[in-house]
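For reference, the structure discussed in these notes is given below.
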Amino acid sequence: MATQRNVLCGLTPRYPDHYRTPTVGDESYLASVTLNDASGDETGFDIQVTANKAAGNDTALKVNQTDTASGGTSKLIDLQSDASSVFSVDNTGAMASSRPLNAGSASVFEDFHGTWTASETLNADMWSTNAGSGTANAAATTIANSLNGEVTIKSASDDGATSANASNITGINLGYKANQGGLAMEARLKIDDIVQAYIFVGFTDVIGTTVEHPIDFTDGSDTLISDADNACGIVFSGDATTQEWCH
Numbered sequence: 079m080a081t082q083r084n085v086l087c088g089l090t091p092r093y094p095d096h097y098r099t100p101t102v103g104d105e106s107y108l109a110s111v112t113l114n115d116a117s118g119d120e121t122g123f124d125i126q127v128t129a130n131k132a133a134g135n136d137t138a139l140k141v142n143q144t145d146t147a148s149g150g151t152s153k154l155i156d157l158q159s160d161a162s163s164v165f166s167v168d169n170t171g172a173m174a175s176s177r178p179l180n181a182g183s184a185s186v187f188e189d190f191h192g193t194w195t196a197s198e199t200l201n202a203d204m205w206s207t208n209a210g211s212g213t214a215n216a217a218a219t220t221i222a223n224s225l226n227g228e229v230t231i232k233s234a235s236d237d238g239a240t241s242a243n244a245s246n247i248t249g250i251n252l253g254y255k256a257n258q259g260g261l262a263m264e265a266r267l268k269i270d271d272i273v274q275a276y277i278f279v280g281f282t283d284v285i286g287t288t289v290e291h292p293i294d295f296t297d298g299s300d301t302l303i304s305d306a307d308n309a310c311g312i313v314f315s316g317d318a319t320t321q322e323w324c325h
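Residues in the sequence shown are numbered from 79 upward in steps of one, following this note's numbering.
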């Protein structure tokens, strides 16, 4: 097992047998390293930094590039494999990668800033919202001048069929499955009535064109029931015996 390090410290190079003075057209302060032990792990360059400070900041590695003149793309970092770039950062901070960044995850985010209604095609390409057929139901619309962005959906005041009295907002399609790995979501919400209220936040198996209660309680009990065949989330119901959030 071997580690070959080539470091320029001040004006005096350490490990001078592996240090190379820059030449025009091929400028490199670190010479090539060949890892050829018959067995064991090897590392070409290993930088170890220990910070033990009573005050002040510390930086393990700083790269500063000053472009007095540059006839092409200036890269702060360019990681290559077999002479082909696999990841780079240019002098504006833009990153390029041969594979998608965060390839193991996907994110959907909405802050509800601006004016948004279900009929606007830009947002309707991502979200689905629907209101039941009861009295005063309303699909999702934004609230003007709300702090941090806010959207409201309104249910009916009647105590009857879910399809009539509920309203919802969901993603426009069923884009994920539980067996793909961990799923997570965050939502900031508030309600104006905790006595006659039902809220479900989470994942379910239909989009907003179907108005349902994915997970609910039997009226006057703490027995869970569901409209959905597959759902996971948090739920609150004013009709449950115990007035608490559950999941």
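No residue lacks a Cβ here, since even glycine has one placed at the ideal position from N, Cα and C.
Since Asp136 sits in a beta bridge, which residues does DSSP pair it with? None, per the DSSP bridge assignment.
C-alpha gap between Leu252 and Ile285, whole angstroms: 7 Å
Run the CB neighbour count on Ile293, radius 10 Å, all protein chains shown included, and call it buried at 16 or more, exposed below. buried
Which residue spans inside the stretch 217 to 272 form an unbroken alpha helix (DSSP H) run of at least 4? 240 to 243
Collapsed DSSP secondary structure at Gln158 in the structure displayed: strand
Quick check on this structure: which residue in Gly249, Gly280, Ser206 and Gly316 has the alpha carbon closest to the alpha carbon of Val186? Gly249
In its own chain, which residues sit with a C-beta less than 7 Å from the C-beta of Ser216, not counting the 5 before and 5 after it? Before going on, a small fix: residue 216 reads as Ala here, not Ser. Excluding residues within five positions, the ones whose Cβ falls inside 7 Å are Ala209, Ile231, Lys232 and Ser245.
Pop quiz: Asn243 and Ala234 are said to be a contact at Cβ under 8 Å. What is the actual Cβ separation, rounded to whole angstroms? 4 Å
What is the rounded straight-line gap between the Cα of Gln274 and the Cα of Ala318? 10 Å
Kindly say whether Phe278, judged by its beta-carbon, lies nearer than 8 Å to any beta-carbon of chain D. Here there is only one protein chain, and chain D is not present.
What residue range is occupied by the uninterrupted beta strand (DSSP E) comprising Thr314? The amino acid occupying residue 314 in the given sequence is Phe; Thr does not appear at that position. Counting along the chain, the beta strand (DSSP E) containing Phe314 begins and ends at Cys310 to Ser315.
By the 10 Å Cβ neighbour count, where 16 or more other Cβ atoms means buried, how is Asp297 classified, buried or exposed? exposed
Among the residues of its own chain, which have a CB less than 8 Å from the CB of Asp145, if the five just before and after it don't count? Ser152 and Asn169
Can you give me the C-alpha to C-alpha distance between Gly316 and Asn142, rounded to a whole angstrom? 60 Å
Quick one: is Asp270 buried, meaning 16 or more other Cβ sit within 10 Å of its Cβ, or exposed? exposed
Rounded to whole angstroms, what's the CA-CA distance from Ser163 to Ala138? Just pull it up for me. 24 Å
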